[in-house]
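Participant: Following this message is one structure expressed as structure tokens.
In the working numbering, the protein residues as written are 1493 to 1834.
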């Protein structure tokens, strides 16, 4: 029987029950939507759904394309996960309703759409849909609940954070969940065995430093070779941990890979930006990086980042900061360094 599942209960649901035939994820918070989708993907893979097909909906989305693909794949391939990103208006469709009444046993359907308006939730068609499909509504984190959410995320990451430090983080991220999670990840790298105090949090998020790993990310994407190298050397001279720099580099690379892979599946670039938490002010930078960097090269850059990580831990004799410079030049489009790595 279909049910409504709170996003924070999803992991427990997936661990305790066989995976359902259909999940509907709705909401406007990209980070939480993507995490719910990733959880379903992992659970599906564990239960044999090893193939994956993605479809991008629009105002005139044809469900026959996705659902016919599901039926055809179930005849000739492994169990298949079908992902459909669409508008909530596309859910009121007889073809979808007919399929959900008799879903394919070798197909897992996941539908992702924006927040469903209250007036649509009371309609007959939506009520019928909820009887056939598990619904995961991604609710906006309200300001009053935000500090508690940050505490839960810190606990999940294994990071001990004082109440005062959480207040500082809440004030400085102002509901930007992705920025908050990135800050927690950065703190875990630096201080995983210590409790984060207010002073440590202020220091971590301070913009007083002349050089910033976030500026480095922008320069990297924009192909600003000289400025990126200047920023890297400034970070080194200021005593910034190499792991933080490497974290910033790999974060941008993984985002580029995710967008590139989505584009190869004919997904809309605006949707991919939203899914990956790319702010509107940085979209042009990402477009510049995507234009000059094919996906095989991005995979190569991630391999280079792994070598830097090994060097930083003393597992090879190369200078990790010098390797970082070479990686930055390669990402910025310096052909000499690209050819030396290929």
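The beta carbon of each residue, even a glycine, is placed where N, CA and C say it ideally should be.
This structure is a prediction, so every number in the text was calculated from the model and none was measured.
Counting pairs of Cβ atoms below 8 angstroms between the stretch 1646-1653 and the stretch 1677-1691, do you hit three or more?
Facilitator: Contact annotation: the stretch 1646-1653 touches the stretch 1677-1691, with at least three C-beta pairs closer than 8 angstroms.
Participant: Given this structure, state the Cα-to-Cα distance separating residue 1711 from residue 1538, to the nearest angstrom.
Facilitator: Approximately 40 angstroms, taken between the alpha carbons.
Participant: Can you list, in chain order, the residues of its chain whose CB lies under 7 angstroms from that of residue 1664, leaving out five sequence neighbours each side?
Facilitator: 1697
Participant: Are the CB atoms of residue 1524 and residue 1546 within a distance shorter than 8 angstroms?
Facilitator: no
Participant: From the DSSP output, in three-state form, read off residue 1519 for me.
Facilitator: Residue 1519: strand per DSSP, three-state reduction.
Participant: If contact is defined by three or more beta carbon pairs under 8 angstroms, each pair taking one atom from either stretch, is the stretch 1800-1807 in contact with the stretch 1765-1774?
Facilitator: no
Participant: Between the stretch 1634-1646 and the stretch 1601-1619, do three or more beta carbon pairs fall short of 8 angstroms?
Facilitator: No contact exists between the stretch 1634-1646 and the stretch 1601-1619.
Participant: Taking the alpha carbon of residue 1695 as the point to measure from, which residue in 1679, 1624, 1808 and 1584 has its own alpha carbon closest?
Facilitator: 1679
Participant: Per the DSSP calculation, residue 1629 is bridged to which residue(s)?
Facilitator: DSSP output for residue 1629 lists 1518 as bridge partner(s).
Participant: Quickly, what does DSSP pair residue 1573 with across the bridge? List them, please.
Facilitator: 1544 and 1600
Participant: Can you give the beta carbon distance from residue 1600 to residue 1511, rounded, assuming they're within the 8 angstroms contact cut?
Facilitator: 6 angstroms
Participant: Please return the same chain residues whose Cβ sits closer than 7 angstroms to the Cβ of residue 1826, not counting the five positions on each side in sequence.
Facilitator: 1717
Participant: Would DSSP call residue 1578 helix, strand or coil?
Facilitator: In the three-state DSSP reduction, residue 1578 falls in the coil class, being neither helix nor strand.
Participant: Around the Cβ of residue 1699, are there at least 16 other Cβ atoms within 10 angstroms (buried) or fewer (exposed)?
Facilitator: Per-residue confidence for residue 1699 stands at a pLDDT of 49, beneath the threshold of 50, marking its modelled position as unreliable; the derived number appears in the next sentence. Taking all protein chains in view, the Cβ of residue 1699 is surrounded by fewer than 16 other Cβ atoms within 10 Å, so the residue is classified as exposed.
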